[in-house]
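In this note's numbering, the protein residues as written are 18 to 303.
What follows is the structure, encoded as structure tokens:
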């Protein structure tokens, strides 16, 4: 595969090379060849030349609607008419991004997660004018890259995973704000409980199991009233400067003695171990 990188920053070539070198050991652990990671990779400062002849364009620009609209206008004018136009946006829908385009049938969101070389899922989110054939092509493209594409059927703000992250993190912030736990304690609780549970089965299958032989009927019969009360009554966090300062101080105390690169390496190592364990485990249907 030939990849052309376009970015206005002057040090893009060095940044990409350094990033590839940093993740090389993880890629090797995934069974991917690492002898020449920059083979087939080139850099082009002119956007029109960069997308000329491309059959897939993956956009990773700033999360600003106006920027993306202007970018797609330039890309669509220079790229082949049948090119697949994919945005990495975590929140801005394809409909909004392509609002100024005459033809937005090839434009959709393909939202990966950090670290993208490890996290399998890509949220595929078509816009109101996206051709179903483009959705199918996007799924095939990401699948060929070894990813796990999943279609999001409505253009809700934040799509799916980030909505879940925000809801959970809001509760994390509230617990820290109230002094129930500190940052490090909360991380330990999550990674040793719901994080492990959901990595294995996800929330719905986990709670189906939690209902016993009756599945969700049993779950709702036992836990439904308490869940309903919590949804309707539990306090919401107010994120202010004081809470931000508290989280920063606790995070620096818990993780500040390690460099960002070291934390990334530790994260990759642990996530790789989880992926390997899941890959080695086969589910059975009775």
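Note that CB positions come from ideal geometry on N, CA and C, so glycine has one too.
{"Check": "Beta-carbon contacts of residue 117 that lie in its chain and below 7 Å, excluding the five residues immediately before and after", "Outcome": "86 and 90"}
{"Check": "Whether residue 82 touches residue 109 by CB criterion (7 Å)", "Outcome": "yes"}
{"Check": "Beta-ladder partner(s) of residue 59, from DSSP", "Outcome": "21"}
{"Check": "Residue of 18, 164 and 62 minimising C-alpha distance to residue 47", "Outcome": "164"}
{"Check": "Burial state of residue 186 (16 or more Cβ within 10 Å)", "Outcome": "exposed"}
{"Check": "Beta strand (DSSP E) segment containing residue 307, residue limits", "Outcome": "The displayed coordinates of the chain run from 18 to 303. Any statement about residue 307 would go beyond what the structure contains."}
{"Check": "Three-state secondary structure assigned by DSSP to residue 144", "Outcome": "coil"}
{"Check": "Every unbroken beta strand (DSSP E) within the region 92–180, with a cutoff of 3 residues, ordered by chain", "Outcome": "101–104, 124–128, 138–143 and 165–168"}
{"Check": "Neighbourhood of residue 234 by C-beta, 8 Å cutoff - its chain only, sequence neighbours within 5 removed", "Outcome": "228"}
{"Check": "Residue 60, buried or exposed, once every other Cβ within 10 Å from all chains shown has been counted against 16", "Outcome": "exposed"}
{"Check": "Residue 157, buried or exposed, once every other Cβ within 10 Å from all chains shown has been counted against 16", "Outcome": "exposed"}
{"Check": "Rounded separation between residue 133 and residue 88 - CA only", "Outcome": "22 Å"}
{"Check": "For residue 74, the three-state DSSP class (helix, strand or coil)", "Outcome": "strand"}
{"Check": "Pairwise C-alpha distance: residue 213 and residue 302", "Outcome": "Reliability of the predicted coordinates at residue 302 is poor, the pLDDT of 46 falling under 50, and the value obtained from them is presented with this limitation in mind. Residue 302 and residue 213: Cα-Cα distance of roughly 22 Å."}
{"Check": "Distance, residue 129 Cα to residue 27 Cα", "Outcome": "25 Å"}
{"Check": "Distance between beta carbons of residue 256 and residue 190, contact taken as under 8 Å", "Outcome": "6 Å"}
{"Check": "Neighbourhood of residue 54 by C-beta distance below 7 Å, restricted to the same chain and skipping five residues each side", "Outcome": "37 and 41"}
{"Check": "Residue 270 burial status per 10 Å Cβ neighbour count (16 or more: buried)", "Outcome": "exposed"}
{"Check": "Delimiting residues of the alpha helix (DSSP H) encompassing residue 214", "Outcome": "211–227"}
{"Check": "Rounded straight-line distance, which links the Cα of residue 101 to that of residue 70", "Outcome": "11 Å"}
{"Check": "Entirely enclosed beta strand (DSSP E) segments - the region 220–297, minimum 3 residues", "Outcome": "none"}
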